[in-house]
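Here the structure is laid out as structure tokens; the discussion comes afterwards.
2 protein chains.
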Amino acid sequence: MFNQLKGLLKYITDFDEQQLTEITKHFKPKSVKKNALLLSQGQVCTEFYFIEKGCIRTYFIDKEGNEKTRYVMCNPSIGTALTSFISKKPSFEFIEALEDTELLVISHADFYKLNNQITQWKVFYQRVLEMAYSFQNKKIEGLVTLTAKQRYDLLLKENPALIQRLSNKILASYLDVRQETLSRLKSK
Amino acid sequence: MFNQLKGLLKYITDFDEQQLTEITKHFKPKSVKKNALLLSQGQVCTEFYFIEKGCIRTYFIDKEGNEKTRYVMCNPSIGTALTSFISKKPSFEFIEALEDTELLVISHADFYKLNNQITQWKVFYQRVLEMAYSFQNKKIEGLVTLTAKQRYDLLLKENPALIQRLSNKILASYLDVRQETLSRLKSK
DNA sequence: AGCGTTTTTTGATGTAGGTCAATGCACAGC
DNA sequence: GCTGTGCATTGACCTACATCAAAAAACGCT
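Line order of the protein sequences matches chains A and B.
Numbering (the working numbering) for the first sequence: 1 to 188.
Numbering (the working numbering) for the second sequence: 189 to 376.
Dropping the structure here:
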């Protein structure tokens, strides 16, 4: 049951089998239907997710009412609304299932408990933060240097599966263009 | 000599006096003149900085030859070209002194050595990563939800000193507008 | 299968901010 | 103090993308 998760953990940091068993003990299964919210704006994010099957996103809604997708996680991967999870403050972001999704969940409390129980877990968390940082950095680079078309083409090159998997509406909000514009970009 | 640095470290993570002494031992002073580069694109970033006096920035140059400023650090603060520092890969970013600047420098090797020597250092590094992540996140939010004017007004509200301290050229590249546009925004 | 809702596409129009160009200004070097 | 080089300002024009609107297609529910 925890094999996928163990594989991903091992890929990120070299835990031994005993550590993996200890760690995965804290993960509980959870199922969510498509469009269900795992977190609403204003709630404190107290869960960290492994996506076994399916797909979730984090997004927020700006003053004009437009959805802005920050991050999409498809199986197998890990993540959460990191800003709120880190700060324990109410989240600006929503977390939403984009498909019927099977998750493994570790609570904030357990996550930080592991920080003390397993030395390597600190390293794991460092890696998670480093990856999150690098991702954001690349996103900023794209936003300030590329046109909408170039951002689309880049994603098409680097993650074509994502374009297939997401609706135009979600994809547009992820690329930070309007869906009308994305529709036009695609037909070029 | 290390008092400012110790103060900042203590503010971020609660080290005791003995730990602070042990940590600051690894920091070496360094002076740079205005406009000098601490890191060029293509070099691996192997230093982490505390700014005692002065001001530095990280920036990159896009395909059109435009400078894009990612982050500005004024005394007292800490930072580096984090992506390269983390990955040990050649940096996409430059680090440049915006004024004559006094630094305290810890090497990448010593930085990671402290990870093993002082348990609390891992927590410190986590905090640094968390802060860096949150900062990037806020930057993205600004880029995708605010107009140029709104971004300028926000900075004026949250960090007016920075606007005074930076040239229009640097400020423009930090806000991701052309300097002509910034000039017009300021006169409104 | 059929109907309402949501998503996608297409067209016409608007606009924030970029681009190009010219002028004025400030300060670093001699 | 003068001079050159880069910085700031202003104006005219342009373009990528947003906005608004309406039709067409796809999806989900009973």
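All residues carry an ideal CB built from backbone N, CA and C; glycine is no exception.
Quick caveat: nothing in here was measured; it's all calculated off a predicted structure.
Endpoints, the alpha helix (DSSP H) within which residue i is located
{"i": "LEU208 of chain B", "result": "205-212"}
{"i": "ILE170 of chain A", "result": "168-175"}
{"i": "SER322 of chain B", "result": "307-333"}
{"i": "SER371 of chain B", "result": "367-374"}
{"i": "GLU252 of chain B", "result": "No alpha helix (DSSP H) holds GLU252 of chain B; DSSP gives it neither H nor E."}
{"i": "ASP341 of chain B", "result": "336-346"}
{"i": "GLN4 of chain A", "result": "3-12"}
Amino acids of chain A, ordered along the chain, whose beta-carbon sits closer than 7 Å to that of residue i
{"i": "LEU270 of chain B", "result": "TYR133"}
{"i": "TYR313 of chain B", "result": "GLN126"}
{"i": "ASP364 of chain B", "result": "VAL144"}
{"i": "LYS374 of chain B", "result": "Ordered by position in chain A, no residue passes the 7 Å Cβ test against LYS374 of chain B, which lies about 20 Å from the chain."}
Between the CA atoms of residue j and residue i - distance to the nearest angstrom
{"i": "ILE351 of chain B", "j": "ASN254 of chain B", "result": "20 Å"}
{"i": "ASP16 of chain A", "j": "GLN4 of chain A", "result": "15 Å"}
{"i": "ALA336 of chain B", "j": "ILE140 of chain A", "result": "15 Å"}
{"i": "ARG184 of chain A", "j": "THR58 of chain A", "result": "25 Å"}
{"i": "LYS6 of chain A", "j": "PHE50 of chain A", "result": "10 Å"}
{"i": "LEU370 of chain B", "j": "GLY142 of chain A", "result": "21 Å"}
{"i": "ILE170 of chain A", "j": "ASN159 of chain A", "result": "15 Å"}
{"i": "ARG315 of chain B", "j": "TYR321 of chain B", "result": "10 Å"}
{"i": "CYS233 of chain B", "j": "LYS256 of chain B", "result": "18 Å"}
{"i": "LEU334 of chain B", "j": "LEU175 of chain A", "result": "16 Å"}
{"i": "CYS74 of chain A", "j": "ALA161 of chain A", "result": "10 Å"}
{"i": "ASN168 of chain A", "j": "GLN179 of chain A", "result": "6 Å"}
{"i": "THR101 of chain A", "j": "THR80 of chain A", "result": "14 Å"}
{"i": "ILE118 of chain A", "j": "VAL260 of chain B", "result": "36 Å"}
{"i": "ARG258 of chain B", "j": "LYS157 of chain A", "result": "25 Å"}
{"i": "LEU343 of chain B", "j": "LYS326 of chain B", "result": "12 Å"}
{"i": "LYS188 of chain A", "j": "VAL177 of chain A", "result": "16 Å"}
{"i": "LEU317 of chain B", "j": "GLN324 of chain B", "result": "11 Å"}
{"i": "ARG353 of chain B", "j": "ASN35 of chain A", "result": "47 Å"}
{"i": "THR212 of chain B", "j": "THR24 of chain A", "result": "38 Å"}
Minimum C-alpha distance to residue i - residue among the options
{"i": "LYS53 of chain A", "options": "A:LEU103, A:PRO90, A:SER173 and A:ASP153", "result": "A:LEU103"}
{"i": "LYS28 of chain A", "options": "A:LEU82, A:MET1 and A:ASN137", "result": "A:MET1"}
{"i": "LYS10 of chain A", "options": "A:TYR125, A:PRO160, A:CYS74 and A:ALA161", "result": "A:TYR125"}
{"i": "ASP298 of chain B", "options": "B:PHE273, B:SER371 and B:GLU281", "result": "B:PHE273"}
{"i": "LYS63 of chain A", "options": "B:ALA285, B:GLN338 and B:ILE283", "result": "B:GLN338"}
{"i": "PRO278 of chain B", "options": "B:LEU354, B:LEU331, B:VAL220 and B:SER228", "result": "B:SER228"}
{"i": "LYS221 of chain B", "options": "B:GLN308, B:ASP364, B:LEU286 and B:SER375", "result": "B:LEU286"}
{"i": "GLN207 of chain B", "options": "B:ASN303, B:ILE358, B:MET319 and B:ASP341", "result": "B:ASN303"}
{"i": "PHE282 of chain B", "options": "B:THR201, B:ILE249 and B:ASN263", "result": "B:ILE249"}
{"i": "LEU225 of chain B", "options": "B:GLN324, B:ILE211, B:HIS214 and B:CYS243", "result": "B:CYS243"}
{"i": "LYS301 of chain B", "options": "B:ILE200, B:HIS214 and B:LEU196", "result": "B:HIS214"}
{"i": "LYS186 of chain A", "options": "A:TYR174, A:ASP153 and A:SER173", "result": "A:ASP153"}
{"i": "GLU190 of chain A", "options": "A:VAL72, A:LEU82, A:ILE106 and A:SER77", "result": "Outside the displayed range of chain A (1 to 188) lies residue 190 of chain A, so it cannot be described from this structure."}
{"i": "SER219 of chain B", "options": "B:GLU284, B:SER275 and B:GLN367", "result": "B:GLU284"}
{"i": "ILE78 of chain A", "options": "A:GLU47, A:PHE92, A:SER87 and A:ASP100", "result": "A:GLU47"}
{"i": "ILE12 of chain A", "options": "A:ARG70, A:PHE92, A:THR83 and A:TRP121", "result": "A:TRP121"}
{"i": "HIS108 of chain A", "options": "A:PHE92, A:SER87 and A:VAL123", "result": "A:SER87"}
{"i": "MET131 of chain A", "options": "B:VAL365, B:LEU270 and B:VAL332", "result": "B:LEU270"}
{"i": "PHE92 of chain A", "options": "A:VAL123, A:PHE135, A:GLN136 and A:GLN43", "result": "A:GLN43"}
{"i": "PRO76 of chain A", "options": "A:GLN136, A:LYS188, A:LEU8 and A:THR24", "result": "A:LEU8"}
{"i": "SER361 of chain B", "options": "A:VAL144, A:LYS188, A:SER173 and A:ARG165", "result": "A:VAL144"}
{"i": "ASP14 of chain A", "options": "A:VAL123, A:VAL177 and A:THR24", "result": "A:VAL123"}
Under 7 Å by beta carbon: chain B residues contacting residue i
{"i": "GLN179 of chain A", "result": "Going along chain B, no residue has its Cβ under 7 Å from GLN179 of chain A, so there is no contact; the nearest lies around 15 Å."}
{"i": "GLU130 of chain A", "result": "ILE274 and LEU317"}
{"i": "LYS89 of chain A", "result": "Correct list: empty, because the minimum Cβ distance to chain B is about 10 Å."}
The beta strand (DSSP E) enclosing residue i, as first and last residue numbers
{"i": "GLU52 of chain A", "result": "47-53"}
{"i": "SER219 of chain B", "result": "216-220"}
Amino acids of chain A, ordered along the chain, whose beta-carbon sits closer than 9 Å to that of residue i
{"i": "THR333 of chain B", "result": "PHE60, ASP62, LYS63, GLU64, ASN66 and LYS68"}
{"i": "ASN356 of chain B", "result": "The premise fails here: ASN356 of chain B is roughly 18 Å from chain A at the closest Cβ pair, so nothing lies under 9 Å."}
Heavy atom of the ligand MG within 8 Å of residue i beta-carbon
{"i": "LEU302 of chain B", "result": "Of ligands this structure carries none, so the ligand MG is not represented either."}
Proximal residues of chain B, C-beta to C-beta of residue i below 8 Å
{"i": "ILE140 of chain A", "result": "ARG258, GLN324, LYS327, ILE328 and LEU331"}
{"i": "LYS33 of chain A", "result": "Chain B residues near LYS33 of chain A: none, gap ~28 Å exceeds 8 Å."}
{"i": "LYS221 of chain A", "result": "As shown, chain A starts at 1 and ends at 188. That puts residue 221 of chain A outside it, with no answer to give."}
Where residue i meets chain A, residues with beta-carbon distance less than 8 Å
{"i": "LYS337 of chain B", "result": "Ordered by position in chain A, no residue passes the 8 Å Cβ test against LYS337 of chain B, which lies about 14 Å from the chain."}
Within chain B, partners of residue i - CB distance below 9 Å
{"i": "LYS53 of chain A", "result": "None at all; the shortest Cβ gap to chain B is about 27 Å."}
{"i": "LYS157 of chain A", "result": "Those within 9 Å of LYS157 of chain A in chain B number zero; the least Cβ separation is about 16 Å."}
Segments assigned alpha helix (DSSP H), at least 4 residues, entirely inside the stretch 68-111 of chain A: 82-87
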